[in-house]
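Chains as they are written, first to last, in my numbering: chain A, 40 to 151; chain B, 3 to 115.
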């Protein structure tokens, strides 16, 4: 019962470095999401993919890019990391628009 | 644009007392509403949802929520709180015509023994 798997769990980057956060789900879900969680700000949507082959911007897309590689995988890329991107990142997936989303365990990213 | 407001950053209750966590929302069309709970250093866990039908929704761990369309609210309730209910609670909304899922800022619940 893997559910939603995120890698890595922890990462420290230097300002200007790039990296890709990986997310995979094994529930045959159609929609996938990337959020960041910051204290006092809840979860803010970065990008989402309603279905395979589509991606859309969320509330805070600047500085990020995504790829919906196939139905299972949805990656988040930071091209040039900034300290403001220090956060906990969560990937989620849902089967349909009216069904609940399932979350991964998160990636704690620190940019120094 | 859709949005969710959780007006209380913190809620403190004594064990055995009723627990209420407030949520109001704004969407263009009809809402799909969700409550999630997060324990320290964990991902979010689904508690319950309102899609359509009965305004009172029952979920996991004895939680329930009432959908009020006129007040655009979806408050989470538990008749008798437990210390183990201490956690961070999030309300979320999706417009039925959109796939975007938006969350509130969260409410920290502390239940004292």
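Note that the Cβ used here is the ideal one computed from N, Cα and C, for glycine as well. As the structure is a prediction and not an experimental result, all values here were calculated from the model.
Beta-ladder partner(s) of residue i, from DSSP
i	result
residue 65 of chain B	The partner list for residue 65 of chain B (beta bridge, DSSP) is empty, contrary to what the question assumes.
residue 33 of chain B	B/97
residue 95 of chain A	A/87
residue 70 of chain B	B/75
residue 112 of chain B	B/14
residue 50 of chain A	A/148
residue 91 of chain B	B/39, B/109
residue 21 of chain B	B/80
C-alpha gap between residue i and residue j, whole angstroms
i	j	result
residue 96 of chain A	residue 82 of chain B	41 Å
residue 80 of chain A	residue 90 of chain B	12 Å
residue 112 of chain B	residue 23 of chain B	11 Å
residue 8 of chain B	residue 95 of chain B	12 Å
residue 76 of chain B	residue 55 of chain A	42 Å
residue 58 of chain A	residue 83 of chain A	20 Å
residue 101 of chain A	residue 125 of chain A	14 Å
residue 68 of chain A	residue 47 of chain B	17 Å
residue 29 of chain B	residue 100 of chain B	10 Å
Residue i: contacting residues in chain A (beta-carbon distance under 8 Å)
i	result
residue 21 of chain B	Those do not exist, as residue 21 of chain B stays about 20 Å from chain A at its closest Cβ, beyond 8 Å.
residue 34 of chain B	136, 137
Chain-ordered chain B contacts of residue i [CB-CB under 7 Å]
i	result
residue 145 of chain A	45
residue 140 of chain A	103
residue 72 of chain A	103
Residue span of the beta strand (DSSP E) that contains residue i, given as start and end
i	result
residue 103 of chain A	103–107
residue 131 of chain A	126–133
residue 60 of chain A	58–64
residue 115 of chain A	113–117
residue 14 of chain B	12–16
residue 52 of chain B	46–52
residue 80 of chain A	Counting along the chain, residue 80 of chain A falls outside any beta strand (DSSP E), and DSSP gives it neither H nor E.
residue 103 of chain B	Run containing residue 103 of chain B: none; DSSP gives neither H nor E here.
residue 123 of chain A	Note, residue 123 of chain A: premise wrong, no beta strand (DSSP E); not H, not E.
Partners in chain A for residue i, counting only beta-carbon separations shorter than 7 Å
i	result
residue 104 of chain B	84
Where residue i meets chain B, residues with beta-carbon distance less than 8 Å
i	result
residue 89 of chain A	101
Proximal chain B residues relative to residue i, where beta-carbon distance stays under 9 Å
i	result
residue 55 of chain A	Under the 9 Å cutoff, chain B gives no residues; its nearest Cβ is about 28 Å from residue 55 of chain A.
Chain A residues whose Cβ lies nearer than 9 Å to that of residue i
i	result
residue 92 of chain B	81, 82
residue 51 of chain B	137, 138, 139
residue 108 of chain B	76, 79, 80, 81, 82
residue 48 of chain B	139, 140, 141, 142
ask   = If we count Cβ pairs, one from each stretch, closer than 8 Å, do we get three or more for the stretch 5–18 of chain B versus the stretch 56–70 of chain B?
value = no
ask   = Hey, is the stretch 64–83 of chain A in contact with the stretch 105–119 of chain A, meaning 3+ C-beta pairs nearer than 8 Å?
value = yes
request  = Decide yes or no for the touch test of the stretch 118–136 of chain A against the stretch 61–69 of chain A: beta carbon pairs closer than 8 Å, at least 3 of them.
outcome  = yes
Touch test, the stretch 32–49 of chain B against the stretch 84–91 of chain A, Cβ-Cβ under 8 Å, three pairs minimum = no
Segment contact flag, the stretch 137–145 of chain A with the stretch 110–120 of chain A, C-beta cutoff 8 Å, min 3 pairs = no
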